[in-house]
């Protein structure tokens, strides 16, 4: 076959075939030249030197920016960023990579939120480890797709080995299995999809229901989870056709763990009303308080009512490699399924999550065979097509990041990073508890702290609840706009609070004390402005 550049560019004109003239700028010769130029950008053996040079330019741009960045954010506003990005003409390519990276500095790198900075203390975004970044570079270049064996081979086996390793750490037993996903929300969705189909299969054992279509079987299904659980549980219920109101919210004890007595009462009441307990969802590390529910007690209740027991350990999953707090996950051995987010407490780049199931056979509830991709004959021949276990089809080889992290750093080192963050949160909690300007909502359990600026006034009384409600969101917004620090916000009992999420093992007590000082100064200034007005 001749190369593209060996084809006569005017061949179609001399063929004697009556053809319509090409639109201006679209003649065959120019399109061939454009295609030839474009092939220089394809990742292949011929272009490997160009690949190395251009990727290194990108790496150097990020490294240089990191070295020169002294705060987690610039404070730029949405309107300014929208105008800056909107001014880019996407139909006019720049001359080279250097020019594109220079432009990227203005539309992204300059104003990115830098999670590695010690003054970033907002959401569950971790600073990432270098071995995982090496994995990211490799997996994006090779671009394996983890849906079928004939697209992934070794990648398939690496992912399966990591699933086995994770399941072993969670004590799920020899029949366990799982799949990598894009994040905790997707892992929870897949777990509840399996739970739903498992419950429906049970309902169809009743002769009166055996012929009913799926929608007719969903109305009585209920999911029980704590009031502090992740919003993805309600969202999943809606997406699965159950509706938001199929999720029964269970009160928590004062330490923000699901109350087993309240769960028992709710499940009994539901059963008495003719409803079916589809699933109990426990949380190992709630987003706000880092609370780990009483897993063993909840598992016993789920078993008593024949409900699927799922543990959302998206946040707390990192405890499986902890040197000091591993015992908090002891109840995972009783779970039917577990969500783990490696891009939270394993310090991996987004995205990297996994869903584990105690019985591999349960994954059949989401299996679908397509003759053009994963025919049933392949399963019978024991060909390992990962799409058989996944609700995604095309999937990145995100497992490689964790693989290289474990092979270069080791699990104990990853656990030590999380332990440092947990210990720091405990010290910061003591600091806030002793400070008359702040009110701590609860003692820290993992690496989050929920608190608010509510100073003791000259009268000896604390700032009123309503004033605190107005001023705390304003403090957060003002600090964010300054770019000096990034903190989160939440509500507890309908009241506004601030929140630290600490995942940086290099952040010190002094770093967080500086943020507290900034919050104090900002709050005092806002109060003074209010008095002056």
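In this note's numbering, the protein residues as written are 4 to 536. Every residue gets a Cβ at the ideal spot worked out from N, C-alpha and C, and that includes glycine.
Beta-carbon spacing of residue 449, residue 326 below 8 Å: no
Is it right to say residue 213 is buried, meaning 16 or more other beta carbons lie within 10 angstroms of its own, or is it exposed? exposed
What span of residues does the alpha helix (DSSP H) with residue 184 cover, start to end? First-last for residue 184: 180–184, but that is the beta strand (DSSP E), not the alpha helix (DSSP H).
Mapping the DSSP letters down to three states, classify residue 527 as helix, strand or coil. helix
Rounded to the nearest angstrom, how far is the Cβ of residue 2 from that of residue 452, given a contact under 8 Å? Since the first residue shown for the chain is 4 and the last is 536, residue 2 is missing from the structure and cannot be characterised.
Residue ranges of each alpha helix (DSSP H) within the region 361–442, 4 or longer: 379–383, 402–411, 414–436
Along the chain, which unbroken stretches of the alpha helix (DSSP H) at least 4 residues long are found entirely within the region 296–322? 298–307
Let me confirm a value: residue 306 is counted as buried when at least 16 other C-beta atoms fall within 10 Å, else exposed. Which label applies? exposed
DSSP three-state assignment for residue 175, whether helix, strand or coil: coil
If we ignore side chains and look at the alpha-carbon of each, how far apart do residue 78 and residue 510 end up? 21 Å
Cα-Cα separation, residue 11 to residue 30: Residue placement at residue 11 is poorly supported in this model, since its pLDDT is 39, which falls under 50; the coordinates still yield a value, given next. Near 13 Å, if we compare the C-alpha coordinates of residue 30 and residue 11.
Please classify residue 34 as buried or exposed, where buried requires at least 16 other C-beta atoms within 10 Å of its C-beta. exposed
Along the chain, where does the beta strand (DSSP E) containing residue 281 start, and where does it finish? 279–286
Looking only at C-alpha atoms, which of 208, 149, 474 sits nearest to residue 395? 149
Nearest candidate by alpha-carbon position, reference residue 114, set 229, 36, 432, 487: 487
Would you check if there are 3 or more beta carbon pairs closer than 8 Å linking the region 118–138 to the region 501–520? yes
May I have the straight-line CA-CA distance separating residue 202 from residue 84, to the nearest angstrom? 48 Å
Would the region 89–97 count as touching the region 62–81 if we require 3 or more Cβ pairs under 8 Å? no
Check whether the Cβ atoms of residue 1 and residue 355 sit closer than 8 Å, and answer yes or no. Because the chain in this structure spans residues 4 to 536, residue 1 falls outside the shown range and cannot be described.
Determine the closest residue to residue 338 out of 293, 251, 171, 324, with distance taken between C-alpha atoms. 171
What residue range is occupied by the uninterrupted alpha helix (DSSP H) comprising residue 347? 345–348
My assumption, with CB atoms under 8 Å, is that residue 524 sits in contact with residue 125. Please give the rounded CB distance. Not really, about 19 Å apart at Cβ, beyond 8 Å.
Bridge partner(s) assigned by DSSP for residue 261: 255
How should residue 309 be labelled, buried or exposed, when 16 other C-beta atoms within 10 angstroms of its C-beta is the threshold for buried? exposed
Do you know offhand how far residue 3's Cα is from residue 419's? An answer regarding residue 3 cannot be provided, because it is not within the stretch 4 to 536 covered by the chain.
Would residue 393 be called buried (16 or more neighbouring beta carbons within 10 Å of its own) or exposed? buried
Burial state of residue 442, where buried means 16 or more other Cβ atoms lie within 10 Å: buried
Return helix, strand or coil for residue 342, following the three-state DSSP convention. strand
Inspect the beta-carbon positions of residue 390 and residue 403 and report whether they are closer than 8 Å. no
Please name the residue in 40, 224, 198 whose C-alpha comes closest to that of residue 361. 198
Just to confirm the assignment: which complete alpha helix (DSSP H) runs, minimum length 4, are found wholly within the region 49–77? 51–71
Would you call residue 219 buried or exposed, if buried means 16 or more other Cβ atoms sit within 10 Å of its Cβ? exposed
Apart from the five residues just before and just after residue 141, which ones in its own chain have a Cβ nearer than 7 Å to its Cβ? 403
For residue 46 and residue 23, the rounded distance between their alpha carbons: No answer about residue 23 holds up, because its pLDDT of 49 lies below 50 and its placement is not dependable.
How would you label residue 494, buried or exposed, when you count the other beta carbons within 10 angstroms and need 16 or more for buried? exposed
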